[in-house]
């Protein structure tokens, strides 16, 4: 992916392989049951890793989006400050609305995910 992890170490998405071995015993065999449970857990962990990689990629795109929109909001604030009392001539740039509610909802979801243990 090319992004940097903690300590500047590059994050790399490693491919994985699932190995299926035929068992010559019945499903009731404790070894077969143990292998099946192990395999199921490995698959669950692989799905979790896939979701985490996807989330990391989305966060990278999200960070760029937030930075762009933050700069735009700051630019609008500077522009409004420069207008002073003549701000009523510039009503086309009303802040808030549905996008603000969506941003706040995303922030709450991220905060809940990050602080969940």
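Numbering (the working numbering), first residue to last: 15 to 131. For every residue, glycine included, the Cβ atom is placed at its ideal position computed from N, Cα and C.
Check: Expressed to the nearest angstrom, what Euclidean distance is found between the alpha-carbon atoms of residue 113 and residue 69?; Outcome: 21 Å
Check: Have a look at residue 77 and residue 47 and give me their C-alpha separation to the nearest angstrom.; Outcome: 45 Å
Check: What's the gap between the Cα of residue 79 and the Cα of residue 118?; Outcome: 14 Å
Check: Candidates 88, 87, 95, 73: which alpha carbon is nearest residue 125's?; Outcome: 73
Check: Going straight from the alpha carbon of residue 129 to that of residue 98, what length do you get?; Outcome: 41 Å
Check: Please check the pair residue 94 and residue 101, which I expect to be a contact at CB under 8 Å, by giving their CB distance rounded to whole angstroms.; Outcome: 6 Å
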